[in-house]
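Sequential numbering of the sequence shown, starting at 1, is according to UniProt numbering.
Worksheet: the structure to be examined is printed underneath.
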Amino acid sequence: MVKANGGSYYSYDELRIVLLGKTGVGTGSTILGRDAFKAEASFESATKESQRETSEINGRRVTVIDTPGLFDTDLTNEVIQREISNCISMILPGPHVFIIVINLAQRFTQEEKTAVKIIQETFGENSLMFTMVLFTRGDDLNDKTIEQYLGNPGSALKNLIDECGNRYHVFNNNETGDRTQVTDLLQKIDNMVKMNQGRYFTNEMFEEAAISIEHIREIIKENERQNQTQVEELKIFCCSKQVFCTHLYL
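Have a look at this one:
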């Protein structure tokens, strides 16, 4: 066990993972090496609640929280934020890594970009140092490399990778029985944890992010109130001077 700055501990005998992505991807079962999340088999039956499963991998206890399709387009911002809060409480004292799961067989849609933004804002800026991207269906790249797929600097996916410290991995779905790709993923996670000096994302970090978001919302509301007051004052001024100012509000 290693003590990290800030009082958090990282045990090399335990790893805690939170998966963020679309419903029905099946990544959790691939990582754990068994049919752990049975509802993943079909989109229609996929659960809308976070699930927790644990397996022993190479002598280590690995716990995975599979979130309920936070990239699905039918979820409201409020539902996304509620499930994010719920998944944190399910994996105390906190996850070592958030894995954003993206299907290479599908376009990275505007809805997914928005969902990623909401997740990042809800967890706070500190969460990025605990985050990496996992691409599934790497078989569909055909003759392309993942770097070619990501596109030029400035593309949405490239920006996401950069924000996550250039940490990413690719799963080939036709090789789900190949544990090498899982071993490689876990090694990348271990490297990230070591860079973070053993720290994991804590509930305190989440609460700080929530307070920051609420503060920003209050500032926005206050600015809106001030703007409305200024508009009302301008209306009164225009009327008193008998100035036709309807065009100001078109």
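Built from N, CA and C at the ideal position, the CB exists for glycine as well.
Just so we're clear, the structure is a prediction, and the values are computed from it rather than from any experiment.
Assumed close pair Asn152, Lys144 - CB separation to whole angstroms, cut-off 8 Å: Indexing the sequence shown from 1 puts residue 152 at position 152. Indexing the sequence shown from 1 puts residue 144 at position 144. About 14 Å; that fails the 8 Å criterion.
Beta-carbon spacing of Leu104, Gly138 below 8 Å: Sequence index remark: in the sequence shown, residue 104 carries index 104 (1-based). Sequence index remark: in the sequence shown, residue 138 carries index 138 (1-based). Yes; because the gap between Cβ atoms is below 8 Å, this pair is in contact.
CB of Tyr200 within 8 Å of CB of Gly94, strictly: Translated into the one-based positions of the sequence shown, residue 200 becomes position 200. Translated into the one-based positions of the sequence shown, residue 94 becomes position 94. Going by C-beta atoms, Tyr200 is nearer than 8 Å to Gly94.
Residue nearest to Gln51 in terms of C-alpha spacing, selected from Asn58, Arg60, Arg61, Ser29: Start at 1 with the first residue of the sequence shown, and residue 51 comes out as number 51. Closest option to Gln51, Cα to Cα, is Ser29.
Distance, Gly198 Cα to Gly124 Cα: For the purposes of this step, residue 124 is identified with residue 124 of the sequence shown, where counting begins at 1. For the purposes of this step, residue 198 is identified with residue 198 of the sequence shown, where counting begins at 1. Using only the alpha carbons, I get a separation of about 19 Å.
Short Cβ contact (8 Å threshold) for Leu19 with Ile65: Mapped onto the sequence shown, residue 19 falls at position 19. Mapped onto the sequence shown, residue 65 falls at position 65. At the C-beta level, Leu19 and Ile65 come within 8 Å of one another.
Own chain, CB closer than 6 Å to Arg16, minus 5 neighbours either side, in chain order: The count along the sequence shown starts at 1 and reaches residue 16 at position 16. Here the set comprises Thr63, Ile91, Pro95, His96.
Supposed contact pair Gly33 and residue 252 - C-beta distance, whole angstroms, cut 8 Å: Lying before the first or after the last residue shown, residue 252 is absent from the chain, which here runs from 1 to 250.
C-alpha gap between Ile119 and Gln106, whole angstroms: As a working mapping, residue 119 is identified with position 119 in the sequence shown. As a working mapping, residue 106 is identified with position 106 in the sequence shown. The straight-line gap from Cα to Cα measures roughly 20 Å.
Coil, strand or helix - Thr47 by DSSP: Taking the sequence shown and counting its residues from 1, the one referred to as residue 47 is at position 47. Here the model assigns Thr47 a pLDDT of 48, short of 50, so the residue's position is not dependable, and the following value carries that caveat. Coil at Thr47, not helix or strand.
Paired residues, beta bridge with Leu20 - DSSP: If you number the sequence shown from 1, residue 20 lands on position 20. Ile100.
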